[in-house]
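Worksheet: one structure, shown below.
Residue numbers (the working numbering): 836 to 968.
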């Protein structure tokens with residue numbers, strides 16, 4: 836369990852948290868990929884495992900707010916199509932947190948970031964249709 840009193844012990848950690856929350860919010864308004872900056876920044880400041888415990892709820896909450904704000908313009912068929920894999924990914928993250936040691940967890944985060952960047956660049960360059968649609 837994360838001790839939030841100890842986690843946010845310095846003012847610089849709070850500023851990093853606010854900055855990363857801003858980046859995550861900006862990513863939900865259409866600036867795709869900007870939250871890639873927040874993930875390693877949070878891992879450097881808070882540590883690999885504690886940062887996932889902070890970032891994952893922020894991402895989930897940002898998604899909920901985005902759906903609430905844009906519910907009339909939302910393409911519900913796409914949301915329902917992506918929802919099972921998103922929920923499965925959430926539980927995979929909980930599983931990985933329980934069984935992957937701290938040193939290997941950093942490698943796992945780095946691999947996920949690089950794979951995500953590669954997929955994003957591939958779809959941006961027209962190498963493939965967006966897998967969600």
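We put the beta carbon where it would ideally sit given N, CA and C, even for glycine.
**CB contact flag (residue 897, residue 859, <8 Å)** = For the purposes of this step, residue 897 is taken as the residue at position 62 of the chain shown. For the purposes of this step, residue 859 is taken as the residue at position 24 of the chain shown. Cβ atoms of residue 897 and residue 859: closer than 8 Å.
**Prompt:** CA-CA distance, residue 852 and residue 877?
**Reply:** Walking along the chain shown from the start, residue 852 turns up at place 17. Walking along the chain shown from the start, residue 877 turns up at place 42. Between residue 852 and residue 877, the C-alpha separation is close to 7 Å.
**Request:** Please report how far the alpha carbon of residue 956 lies from the alpha carbon of residue 867, in whole angstroms.
**Result:** Counting from one through the chain shown, the residue named residue 956 turns up at place 121. Counting from one through the chain shown, the residue named residue 867 turns up at place 32. Looking at the two C-alpha atoms, the distance is approximately 11 Å.
**Prompt:** So, do the segment 882 to 895 and the segment 921 to 936 have three or more beta carbon pairs nearer to each other than 8 Å?
**Reply:** yes
**Beta-carbon spacing of residue 908, residue 902 below 8 Å** = For the purposes of this step, residue 908 is taken as residue 73 along the chain shown, with counting starting at 1. For the purposes of this step, residue 902 is taken as residue 67 along the chain shown, with counting starting at 1. Cβ atoms of residue 908 and residue 902: not closer than 8 Å.
**Request:** In the DSSP assignment, find the alpha helix (DSSP H) that holds residue 958 and state where it starts and stops.
**Result:** Position 123 of the chain shown, counted from the first residue, corresponds to residue 958. Start and end: 937 to 959.
**Asked** Just the Cα atoms here: how many angstroms apart are residue 873 and residue 865?
**Response** Here residue 873 corresponds to residue number 38 of the chain shown, with the count starting at 1. Here residue 865 corresponds to residue number 30 of the chain shown, with the count starting at 1. Residue 873 and residue 865: Cα-Cα distance of roughly 16 Å.
**Message:** Buried or exposed for residue 863, going by 16 or more other Cβ atoms inside 10 Å?
**Reply:** Taking the first residue of the chain shown as 1, we reach residue 863 at position 28. Looking at its Cβ environment, which holds 16 or more other Cβ atoms inside 10 Å, residue 863 is buried.
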